[in-house]
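Undergrad: Dumping the structure here so I can ask a few things about it.
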Amino acid sequence: MEPEDTEEKEKKEIGLPESIRISTTVDYIDAKIIDNLRGTFGNSRSSVISYIIKDWVKSNTDTLIKYGIDIAGMRKEIKSSKKEIKIEEEIQKHIFEGLELRFKRIKRYNIEKLAELLSVHVQTLIDFITLKGDDLEKVGLNLQIDGDYIVKE
Numbered sequence: 152m153e154p155e156d157t158e159e160k161e162k163k164e165i166g167l168p169e170s171i172r173i174s175t176t177v178d179y180i181d182a183k184i185i186d187n188l189r190g191t192f193g194n195s196r197s198s199v200i201s202y203i204i205k206d207w208v209k210s211n212t213d214t215l216i217k218y219g220i221d222i223a224g225m226r227k228e229i230k231s232s233k234k235e236i237k238i239e240e241e242i243q244k245h246i247f248e249g250l251e252l253r254f255k256r257i258k259r260y261n262i263e264k265l266a267e268l269l270s271v272h273v274q275t276l277i278d279f280i281t282l283k284g285d286d287l288e289k290v291g292l293n294l295q296i297d298g299d300y301i302v303k304e
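Residue numbers (our numbering): 152 to 304.
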């Protein structure tokens with residue numbers, strides 16, 4: 152039984168191809184495991200492998216972020232590109248609102264932890280604070296980067 156998830160519906164709505172063909176070789180043990188999962192997670196080896204990969208990605212977004220893969224940003228970029236929305240504006244709005252909320256009562260955040268909370272890459276957050284500092288100051292967020300921390304002055 153393969154669950155119909157919202158990701159598949161979103162792909163269809165924005166005109167992405169349903170799948171991309173990837174060839175791989177698995178050892179005997181992996182092949183037996185995949186064969187035993189047929190019927191539970193799909194009717195073919197490829198559908199079982201696809202399910203395993205999707206499940207792993209959903210369960211390991213923290214690991215992907217550590218490797219510099221911004222899943223939330225990728226999803227927004229894919230959706231935005233089809234809907235002709237500028238991705239920078241959407242991400243900037245998300246970061247701006249997140250910073251306003253987070254710095255109401257806390258004066259200092261570790262950059263990596265804050266980036267993780269905002270679901271953006273560390274460099275994206277640093278660039279935003281560096282380039283949009285004047286806009287942040289207008290709403291009372293005078294933020295400075297101090298080593299591994301972002302500090303509200």
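Quick reminder that beta carbons are idealized off the backbone N, C-alpha and C, glycines included.
1) If I measure Cβ to Cβ from E304 and keep anything under 8 Å in the same chain, skipping five residues before and after, which residues do I get?
2) Could you have a look at D297 and say whether DSSP puts it in helix, strand or coil?
3) Pull up the CB-CB distance for E251 and V290, whole angstroms please, since I reckon it's below 8 Å.
4) Looking at the secondary structure, which residues open and close the alpha helix (DSSP H) in which Y260 lies?
5) Can you name the residues that DSSP bridges to V302?
6) Measuring only the C-alpha atoms, how far is T191 from S174?
7) Can you tell me where the alpha helix (DSSP H) holding F279 begins and where it ends?
TA: According to the structure shown:
1) For the purposes of this step, residue 304 is taken as the residue at position 153 of the sequence shown. Apart from sequence neighbours up to five positions away, the residues of its chain that approach E304 with a beta-carbon distance below 8 Å are N293, L294, Q295, ordered along the chain.
2) Here residue 297 is taken as the residue at index 146 of the sequence shown, counted from 1. Looking at D297 - three-state DSSP - the assignment turns out to be strand.
3) Taking the sequence shown and counting its residues from 1, the one referred to as residue 251 is at position 100. Taking the sequence shown and counting its residues from 1, the one referred to as residue 290 is at position 139. Confirmed, Cβ separation roughly 6 Å.
4) Counting from 1 along the sequence shown, the entry for residue 260 is found at position 109. Counting along the chain, Y260 sits inside no alpha helix (DSSP H); it lies in the beta strand (DSSP E) bounded by residues 259-261.
5) The residue given as residue 302 occupies position 151 in the sequence shown. Answer is R259, Q295.
6) Here residue 191 refers to the residue found at position 40 when the sequence shown is read from its first residue. Here residue 174 refers to the residue found at position 23 when the sequence shown is read from its first residue. Cα to Cα, T191 sits roughly 22 Å from S174.
7) Reading the sequence shown from its first residue, position 128 is the one you call residue 279. Unbroken alpha helix (DSSP H) run through F279: 273-282.
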